[in-house]
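K.L.:
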Amino acid sequence: MAKGQLKKLKAQAAQKAAAPLGTRAPIATPKDDEERKLESILFGTPYVPSAAGNEMVIDLGEEEDDDTEGGEGSGEGAGGKEMEGMADGDLFYVDEGESGPKDDAFADYEPPASDASDSEDEGEDAGPSTSAPAPAPIPSTSAPTDRKRKPPAWSDPTDPTLLIPLTSHRSRKLRDAPTETALSGPDYERRLRRQFELINPAPEWASSARKKARQANQEQEDLSNVVSGVLNRGSGGRNRVIAQGTLDISRLPDANVSSSATSSSPIQSLQFHPSPSVPLLATASSDRRIKLFTIDGHTNPLLQTLHIPALPPTSVQFHPGGGELLISGKRPVLVVHDLQSGFTRTSPRGLWGATFGGANGESGEGMEVSAFSPSGDVLAVAGRGGHVHLVDWKAGMGQVIGSLKTGSGESVKSLWWDAERVVGMTGESEVYVWDVGERRCVRRWMDEGGGYRGSGRVMGGGRGYCGVGSASGFVNVYSSQHALAESSTTKKPKPLKSIANLKTPISLVKFNHDSQLMAIASKEVKDAMRLIHIPSLTSFSNWPNAGTPLGTVTSLDFSPTGEYLAVGNTRGRALVWGLGGYRSQS
Numbered sequence: 001m002a003k004g005q006l007k008k009l010k011a012q013a014a015q016k017a018a019a020p021l022g023t024r025a026p027i028a029t030p031k032d033d034e035e036r037k038l039e040s041i042l043f044g045t046p047y048v049p050s051a052a053g054n055e056m057v058i059d060l061g062e063e064e065d066d067d068t069e070g071g072e073g074s075g076e077g078a079g080g081k082e083m084e085g086m087a088d089g090d091l092f093y094v095d096e097g098e099s100g101p102k103d104d105a106f107a108d109y110e111p112p113a114s115d116a117s118d119s120e121d122e123g124e125d126a127g128p129s130t131s132a133p134a135p136a137p138i139p140s141t142s143a144p145t146d147r148k149r150k151p152p153a154w155s156d157p158t159d160p161t162l163l164i165p166l167t168s169h170r171s172r173k174l175r176d177a178p179t180e181t182a183l184s185g186p187d188y189e190r191r192l193r194r195q196f197e198l199i200n201p202a203p204e205w206a207s208s209a210r211k212k213a214r215q216a217n218q219e220q221e222d223l224s225n226v227v228s229g230v231l232n233r234g235s236g237g238r239n240r241v242i243a244q245g246t247l248d249i250s251r252l253p254d255a256n257v258s259s260s261a262t263s264s265s266p267i268q269s270l271q272f273h274p275s276p277s278v279p280l281l282a283t284a285s286s287d288r289r290i291k292l293f294t295i296d297g298h299t300n301p302l303l304q305t306l307h308i309p310a311l312p313p314t315s316v317q318f319h320p321g322g323g324e325l326l327i328s329g330k331r332p333v334l335v336v337h338d339l340q341s342g343f344t345r346t347s348p349r350g351l352w353g354a355t356f357g358g359a360n361g362e363s364g365e366g367m368e369v370s371a372f373s374p375s376g377d378v379l380a381v382a383g384r385g386g387h388v389h390l391v392d393w394k395a396g397m398g399q400v401i402g403s404l405k406t407g408s409g410e411s412v413k414s415l416w417w418d419a420e421r422v423v424g425m426t427g428e429s430e431v432y433v434w435d436v437g438e439r440r441c442v443r444r445w446m447d448e449g450g451g452y453r454g455s456g457r458v459m460g461g462g463r464g465y466c467g468v469g470s471a472s473g474f475v476n477v478y479s480s481q482h483a484l485a486e487s488s489t490t491k492k493p494k495p496l497k498s499i500a501n502l503k504t505p506i507s508l509v510k511f512n513h514d515s516q517l518m519a520i521a522s523k524e525v526k527d528a529m530r531l532i533h534i535p536s537l538t539s540f541s542n543w544p545n546a547g548t549p550l551g552t553v554t555s556l557d558f559s560p561t562g563e564y565l566a567v568g569n570t571r572g573r574a575l576v577w578g579l580g581g582y583r584s585q586s
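The UniProt record's numbering numbers the first residue of the sequence shown as 1 and each following residue consecutively.
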C-alpha cells in the first residue's frame, strides 16, 4: 500500500468518534415497491418497480478498497457490516416459550419486577378459571390494615360469594401461604390493594397527615381515659371500707391560704363542686364575698372572687349539673352565677309573692333554706308559714310550679331530697316527706326527743340514712328505709342510735358520698365537731384531738369522692383535711 493511502486511512479513522454499538443512526435503505406505490398515489410520481423485487439491499454508503483485510468476498466481513448499525436490544432475542391463556382477572395487573417468584414461575402454563370447578377457599391470614378508611358508598352483595383461583403465575404472587388456592372477593381486593401499595407507596405528605391524625386521635383517647378514670374515682371510693376506731386523716394547707392574709371574715358557707373531675371549692364569707378555689392539696390557688354588696350570703350551693352557683341569704332574693360565661343574675324582689319576707327584706325570712333535686330540674325553697315552693329551674329561677305546706304551719328549718321526694323538718322536730309528682305528704313523724318549739335544728340525709340534730346536742340516726318509706301511719320510727358526743345545739349534719362517714358540729362553742363511723355508729378516737385547730365551726362539706374534708370557722379559715382511705383510691 502506498504511503499516501495509509495516511488517508489513519485520518479517516481519527475523524470517526468512538461510540457504543447501536447509537449511530441506521443506514438508509432503498425504497421497496410498496413505498414506491404509496409515493405514486400521494405525490403523482410515476411508479417504477425495482429490479431486485422484494430483495433488501444494504447500502454501506462508502466503498472499501479491495486491498482491505477480509477481501471483497469475505462472508465474515459482510455479515459484520450488515449489523453494524443495529442496537444491542435488536441483536438478541430471548425465547420465553409459549404461555397459555391468561386469567382475565389479572389482565390489567402488572406484578412488581422485584418479586422473587418471577424466576421460578416463568414458563408455567396458567389454566383458565372455567376449565375446572373452583377449589374450596382457604381462610385468609391477612389482617386488614390498621388505617381507618371511609366506608364504601356501595358494595356488591355478590363479592363475598366470588372465588378467584390462585393458579396463574401472576395470581400466585398474592398468596400468603403456599397452600392457598383461592380467595374470596373481599380478600382478593384486599390483596390487590396491598400489592399496589407495595409498588406505589403513599407520598410523604399523605403519610405525615395520617401520622398527625393518628397522634391527635391517640391524644384524645388518652384524655378520655384520664377523664374516665377521674370520673370513676367516686365509684372506686364507694367500694372502700373505712374501719372504725381510728381514722386515716392528714392536715393539708387551708383552701384560702392564698387570700387569708387579706381577709379574715367568718366563713358562712362552703361547698365542693359536684363533679369529681372539677376540684373546686366555693366559700361565702360575711364580708359579702364569694371565692372559688382549686383544691390540689398544695397551693390551692384562688380562681375568682365575687362581691355582692346587696346580699349578705349565708348559703352557697352548686347546681347538680355543675354549671351554676346559687347564692342566697336572709333577704328574699337569689343570685345565680354562671361559671362558664361569668355572668351573674339576680331574681327580682318579691317575684314569688310575700311569703318569702317583708317589704324591707331584713325583717322577714330569707331564702337560705333551699335544695336542688338530684337532676337539677327543680329547686325547693322554704318560705314563711310552713310553705315549700317548687321552682322549675329549667324554665328560669322565677317560675314556681307548685307549693307544699306543713300541717302545723311551722317554718321549715332543713330541706333535702330523697330521689323524687322532698324531706323537710320543722322547728318542732317534725319530719315531712312529700311526693313532688303528686304534691302530697306521704309520711309524717316526730323525731324522738322533739315535739316542742325550737327542738329541731338541722337534718341531713345520705345513702340509706338520715340524721336529725336537736337543741339538746343529740343526733338521732335513722334508716331511710323505715323513716322515709310511704306509710299511712304517723307512728314514730325508732332511731338506730342517738349520738351524744356533743352537748350544745347541733347546727350541722353532713354525710359523705357513700354514707360511711357523718360529720356533726355545733357553732355554739369552739372545737365542737365529730366524725361518726356510720356502720358501727361510733366516733373516731384519734380525731379531732387537742391539737386540731377547728375553732368555732360554721360550715363543712365532703368532696364528691370523699378524699377531702373542708371546714369553715369564724376566724375566716377554710380548713382542709385529706382522708387517706379515699385518697389512696384516686
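C-beta: ideal position from N, C-alpha, C; glycine also. Note that the coordinates shown come from a computational prediction; the quantities given were computed from them, not determined experimentally.
(1) Relative to the C-alpha of residue 513, which residue among 253, 538, 463 is closest?
(2) With distances taken between CB atoms, is the gap from residue 285 to residue 268 smaller than 9 Å?
(3) Report all residues from its chain with a CB closer than 8 Å to the CB of residue 574; omit the five preceding and five following residues, and keep chain order.
(4) Round the Cβ separation of residue 579 and residue 248 to the nearest angstrom and send it over; I've been treating them as touching at under 8 Å.
(5) Need the endpoints of the alpha helix (DSSP H) that residue 559 sits in, please.
(6) Around the C-beta of residue 310, are 16 or more other C-beta atoms found within 10 angstroms, so that it is buried, or is it exposed?
(7) Please list the terminal residues of the continuous beta strand (DSSP E) segment that includes residue 574.
(8) Cα-Cα, which of 384, 386, 383, 392 is closest to residue 372?
(9) Just list the beta strand (DSSP E) runs in the region 284-353, keeping only unbroken ones of 3 residues or longer that don't cross its boundaries, in chain order.
(10) How would you label residue 338, buried or exposed, when you count the other beta carbons within 10 angstroms and need 16 or more for buried?
(11) So if DSSP puts residue 271 in a beta bridge, which residue, or which two residues, is it bridged to?
(12) Which word fits residue 439, buried or exposed, when buried means at least 16 other C-beta atoms lie within 10 angstroms of its C-beta?
(13) For residue 366 and residue 216, what's the separation of their Cα atoms in angstroms?
(14) Please report the distance separating the alpha-carbon of residue 510 from that of residue 533.
(15) Determine the burial state of residue 47: buried for a count of at least 16 other Cβ atoms within 10 Å of its Cβ, exposed for fewer.
(16) Mark residue 164 as exposed unless 16 or more other C-beta atoms lie within 10 angstroms of its C-beta, in which case mark it buried.
(17) Could you have a look at residue 47 and say whether DSSP puts it in helix, strand or coil?
(18) Tell me the DSSP secondary structure of residue 217 in three-state form.
(19) Report the partner residues of residue 418 according to the DSSP bridge assignment.
(20) To the nearest angstrom, report how far apart residue 317 and residue 208 are at their CA atoms.
(21) Indicate whether residue 475 and residue 529 have their beta-carbon atoms separated by less than 9 Å.
(22) Which residues share a DSSP beta bridge with residue 569?
(23) State the start and end residues of the unbroken beta strand (DSSP E) segment that holds residue 164.
(24) Does the beta-carbon of residue 561 have 16 or more other beta-carbons within 10 angstroms, so that it is buried, or is it exposed?
(25) Near residue 497, what residues of its chain come up, given a Cβ to Cβ distance below 6 Å and the 5 sequence neighbours on each side ignored?
(26) So which of 418, 548, 500, 244 has the shortest CA-CA distance to residue 435?
(27) Please report the distance separating the alpha-carbon of residue 540 from that of residue 501.
(28) Could you please give the first and the last residue of the uninterrupted alpha helix (DSSP H) stretch that includes residue 452?
(29) Return helix, strand or coil for residue 523, following the three-state DSSP convention.
(30) Using the three-state DSSP reduction, which class does residue 175 fall into: helix, strand or coil?
(31) Measure the beta-carbon distance from residue 570 to residue 548 and round it to whole angstroms, keeping in mind my assumption that it falls under 8 Å.
(32) Mind reading off the beta-carbon distance from residue 467 to residue 456? Whole number of angstroms is fine, and I expect it under 8 Å.
(33) According to DSSP, is residue 543 helix, strand or coil?
(34) Once the 5 residues before and after residue 252 are set aside, which same chain residues still bring their CB inside 7 Å of it?
(35) Of the choices 246, 321, 260, whose alpha-carbon is the least far from that of residue 273?
(36) On the three-state DSSP scale, how would you describe residue 474?
P.N.:
Per the coordinate set shown:
(1) Nearest C-alpha to residue 513: 463.
(2) In this structure, residue 268 lies closer than 9 Å to residue 285 by Cβ.
(3) Excluding positions up to five away in sequence, the list reads 254, 255, 256, 267, 270, 281, 283, 293, 566, 567, 568.
(4) Indeed they touch by this definition, with Cβ atoms about 7 Å apart.
(5) Judged by DSSP secondary structure, residue 559 falls outside any alpha helix (DSSP H); it is assigned neither H nor E.
(6) Within a 10 Å sphere around the beta-carbon of residue 310 sit fewer than 16 other beta-carbons, which makes this residue exposed.
(7) Residue 574 -> beta strand (DSSP E) spans 574-579.
(8) Closest in C-alpha terms to residue 372, from the list 384, 386, 383, 392, comes 392.
(9) The DSSP assignment places complete beta strand (DSSP E) segments of no fewer than 3 residues inside the region 284-353 at 289-294, 302-307, 313-318, 324-329, 334-338, 344-346, in order along the chain.
(10) Residue 338 should be labelled exposed.
(11) DSSP, once it has assigned bridges, lists 282 as partnering residue 271.
(12) A residue is called buried once 16 or more other Cβ atoms fall within 10 Å of its Cβ, and residue 439, having fewer, is exposed.
(13) Between residue 366 and residue 216, the C-alpha separation is close to 52 Å.
(14) Each residue's Cα considered, the two are about 12 Å apart.
(15) Under a 10 Å Cβ-count criterion, residue 47 is classified as exposed, with fewer than 16 other Cβ atoms of the shown protein chains found around its own Cβ.
(16) Burial of residue 164 is indicated by the presence of at least 16 other C-beta atoms within 10 angstroms of its C-beta.
(17) Residue 47: coil per DSSP, three-state reduction.
(18) The answer is helix: DSSP assigns residue 217 an H, G or I state.
(19) Residue 418 pairs with 421.
(20) Straight-line Cα distance between these residues: approximately 49 Å.
(21) In this structure, residue 529 does not lie closer than 9 Å to residue 475 by Cβ.
(22) Residue 569 is bridged by DSSP to 553.
(23) Per DSSP, residue 164 belongs to the beta strand (DSSP E) from 163-165.
(24) Residue 561 comes out buried.
(25) Beyond the five residues adjoining it in sequence on each side, residue 497 comes within less than 6 Å, by CB distance, of 477, 537 in the same chain, given in chain order.
(26) Check the Cα spacing between residue 435 and each of 418, 548, 500, 244: the tightest is with 418.
(27) One C-alpha to the other measures close to 11 Å.
(28) Note, residue 452: premise wrong, no alpha helix (DSSP H); not H, not E.
(29) Residue 523 carries a coil assignment under DSSP once its states are collapsed to helix, strand and coil.
(30) Looking at residue 175 - three-state DSSP - the assignment turns out to be coil, as it is neither helix nor strand.
(31) Incorrect: roughly 16 Å between the Cβ atoms, too far for contact.
(32) Not quite, the Cβ-Cβ distance comes to about 12 Å (not below 8 Å), so this is no contact.
(33) Secondary structure at residue 543: coil, using DSSP grouped into helix, strand and coil.
(34) These residues qualify, in order along the chain: 297, 576, 577, 578.
(35) Nearest C-alpha to residue 273: 321.
(36) In this structure, residue 474 counts as coil in the three-state DSSP scheme.
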